[in-house]
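Written below as structure tokens is the structure these notes are about.
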Amino acid sequence: MACFLRLFNAFVDESTYMSTFLNVFMRNTNIIKPRILLEFADFHNICNWFNVFIHVLTRTLFILLLSLCVQTAGALTSAPRLFRACLNYNDSIVTIEYSSISDACGSFVEHHIYGSETGTNYKHLYTESTFGANSISFKLPSISTTWSFYFETRFKCNGTDTAQSNTITVDSDPPSISPFDSISFDVATQQLIAGWRPNAAPDTKGYRIYKRENNTNSRIGDTVETSFIVDYQNFSSIGRYTLAVFDSCDLFSPISAAHKPMIMSLQLDSCTKTNSLSWTTYEGWAVDNQQIYRSINGGAFSPITTLGGVNQTYDDSDIQFGDSACYFVRARNAFGISSSSNVLCEKLNQPILPNVNYLSRVTNTGNKELSIEVYIENLGLTDSAVLYNTSTGSVVGNKQLSIGNAFYEWVDNSTDVASDISVYQVRTFAPCYGETSTSQTGNNIVLSIEEDVLTWNDYANWDGNVSEYLVYGYDGSTWNNLSSTSELSYRNTDTTQVCFYVEAVENQNIYDFSKTSRSNEACARREPRFYVPNALNPLSENHTFRVYGNSLDTENAVMNIYNRWGQQIFSTTDITTGWSVESNEVFIPLGIYLYDILLYDLNGNKHRLSGTVRVIR
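Residue numbers (our numbering): 364 to 980.
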């Protein structure tokens, strides 16, 4: 359009030039009029000649300007090239992508898009007036893959001619399938990497990776690369993976066959100094051969053997004490494509046997059972300790040892702690070595009482021996330390003490600690005497109703409390704890309450206590 404006100006300039020339000439005729009049015919000839000269000159300039317009680089001479047409099958909107065009003479007006569902009788479907666009989207009258399109671009530099593009059809052909090359663990990073070759489709847009579970492919990621790092939490979460290709129209190829990498496990047998490897078969292609790679003490991996395609186990006995060995398996198919398993490591430790196996104590827990404790300095291979009751020849139990722990404890409830003296011993064991150490023996203390004379057996075989025996008595309310003695008997003269136990105390041993051993509890069988309070004050220390006395069988009794209307408001079998009316526990109204207590003495005689108690303030 700019060229045509220049041509029009050239014509205007021509007429202006002629008009100027004639005006000048006529003004000058007043000066030389006689001569001019005489030579008028010559003048007419001169004007005709000049007019011809000017006409030829302007026509030459017009031709030159027209040639310049035709030769201008980037003039609009053709429609854009159409690349592809993508159809959305949900809403029938088609998107057409096309190339850019140049328009130096500024003649572009719009693209007219024509389409046909049959390939004939193309109809105008859409108009695009944006010059710099490279794609358009519009709704088709119907959803069909047979639609074809072309552009008619308006206008060329002459302002009237149009340019027509190439014709394309809706892209309905998905890319071909792309199989995995392999899924493999990276030896250095232990990342799980899936890899494949580029798809041959020229408009390939990307690749989608799935995890297949229960015949369902679940999307885990998209990429434009030809590899993908698969996230996994642990080896049990690794599954089968599939792949699909999608193009610029988001058309997807069929999903590929599933691949699954090899997962290796490792078991160390310290006795035979053998690492036993086992692994799952690679899934996705047939395995032609497999190589086992090994690294010793952080060195480079190198192959140690080659196996057939069906092998799934290997035993490596070429390791020594102190070696840390790492392994992985690499499988290859007939085309040389490979996949590596995960890497696993084991260290073959030199066996270190315990320096100490010391039975530190046998004691009564107070619950009619014995606690047996052992002190073991475990620094290496020894992995278990077994407790024996040598009195019966039976195994009480075993413990798994761990480096850093020193004390291990068992509980034995098979012994009658009131009458039986049991002797215990601990033995340690190590793989391939059997028994590695045996402790000294230790026994429980059994206390008996006859007419207020307490006797007990010695606690034997402590390294530090027994420094003293402490005698404790129970007065129905608290335990009291009655005496310290080195003897194995004690005569009690305090008849308020009902029950007793003895505690042996060890001197400091060579391992820089000492322990204690407690006997069973024994109660004196005296003529029973019982009494209960007749008044309680919630605001004073005298706020608990319980049974006081001697020779009480505290484990065989019942206490019931009733209000004055005969309603039971409290019941317990713990007559030494009793019924509390303390104000900060529960509100008990003032008044008279009835009690009914059934109990037994240590001689097995039955007693019943009944009466009333007053709550006052």
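Glycine residues also receive a C-beta, built at the ideal position from the N, C-alpha and C atoms.
Counterpart residues of residue i in DSSP-defined beta bridges
i	result
Lys486	Gly478
Val352	Residue 352 lies beyond the stretch modelled for the chain, which goes from 364 to 980, so this question has no answer here.
Gly846	Per the sequence shown, the amino acid found at residue 846 is Ser instead of Gly. In the DSSP output, where bridge partners are listed per residue, Ser846 has Val834.
Leu733	Asn727, Asp775
Trp942	Phe908
Cys886	Cys862
Tyr822	Its beta-bridge partners do not exist; DSSP assigns none.
Tyr721	Tyr738
Ile960	Met922, Leu972
Cys689	Ser658, Cys708
Phe512	Gly478, Ile531
Thr755	DSSP, once it has assigned bridges, lists no residue as partnering Thr755.
Residue closest to residue i, alpha-carbon to alpha-carbon, out of the options
i	options	result
Ser535	Ile506, Asn529, Thr552	Ile506
Ile540	Ser619, Val780, Asn913	Ser619
Glu480	Ala496, Pro504, Phe908, Val944	Pro504
Ser830	Asp937, Tyr690, Val949, Ser877	Ser877
Tyr604	Ala793, Ile546, Glu473	Ile546
Asp875	Gly827, Ser914, Thr791, Gly569	Gly827
Phe950	Val978, Ser734, Thr939	Val978
Arg517	Val472, Gly729, Met922	Val472
Tyr645	Gly522, Ile601, Asp613	Ile601
Val759	Ile766, Phe591, Val749	Val749
Gly954	Ala898, Glu918, Val921	Ala898
Tyr489	Glu740, Tyr513, Val774, Thr509	Tyr513
Arg724	Ile739, Asp651, Phe494, Lys710	Ile739
Ser470	Ser701, Asp524, Asn926	Asp524
Ser777	Asn807, Gln763, Gly767, Asp613	Asn807
Asn824	Leu722, Ser701, Gly699	Leu722
Thr567	Ser611, Arg582, Tyr573	Ser611
Asp678	Gln713, Thr635, Val608, Ser701	Thr635
Asn597	Thr728, Gly584, Ser628	Ser628
Alpha-carbon spacing of residue i relative to residue j, whole angstroms
i	j	result
Ser973	Asp959	5 Å
Asp783	Val809	7 Å
Ser465	Leu439	6 Å
Cys862	Asp821	20 Å
Gln788	Pro717	16 Å
Arg971	Ser946	29 Å
Ser852	Ala885	13 Å
Val868	Thr936	34 Å
Tyr343	Val910	In the structure as shown, the chain starts at 364 and stops at 980, and residue 343 therefore has no counterpart that could be examined.
Asp594	Met625	16 Å
Arg657	Asp681	11 Å
Val587	Gly662	36 Å
Ile556	Thr801	54 Å
Asn497	Thr458	10 Å
Ile456	Val533	11 Å
Ser747	Thr676	29 Å
Gly967	Gly797	52 Å
Asp775	Ser840	29 Å
Residue i: first and last residue of the uninterrupted beta strand (DSSP E) it sits in
i	result
Leu445	445–451
Gly788	It is worth fixing the name first, because residue 788 is Gln in this sequence and not Gly. Its beta strand (DSSP E) spans residues 786–793.
Asp454	Looking at the DSSP string, Asp454 is not in any beta strand (DSSP E), and its letter there is neither H nor E.
Asn807	Here Asn807 belongs to no beta strand (DSSP E), and DSSP marks it neither H nor E.
Gln527	525–527
Arg582	579–586
Gln931	931–935
Glu576	567–576
Phe893	892–894
Trp559	555–559
Asp815	Run containing Asp815: none; DSSP gives neither H nor E here.
Ile667	665–671
Arg603	603–610
Residue i, DSSP secondary structure in three states
i	result
Ser535	coil
Phe598	helix
Ile618	coil
Met627	strand
Asp593	Residue identity differs from the one stated: residue 593 is Val in this sequence, not Asp. Correct three-state label for Val593: strand.
Ala496	coil
Asn968	coil
Leu750	strand
Asp544	strand
Phe770	strand
Gly647	coil
Asp679	strand
Val829	strand
Ile459	strand
Contact with chain D by residue i, beta-carbon distance below 8 Å
i	result
Leu733	Looking at the structure shown, chain D is missing, and only one protein chain is on hand.
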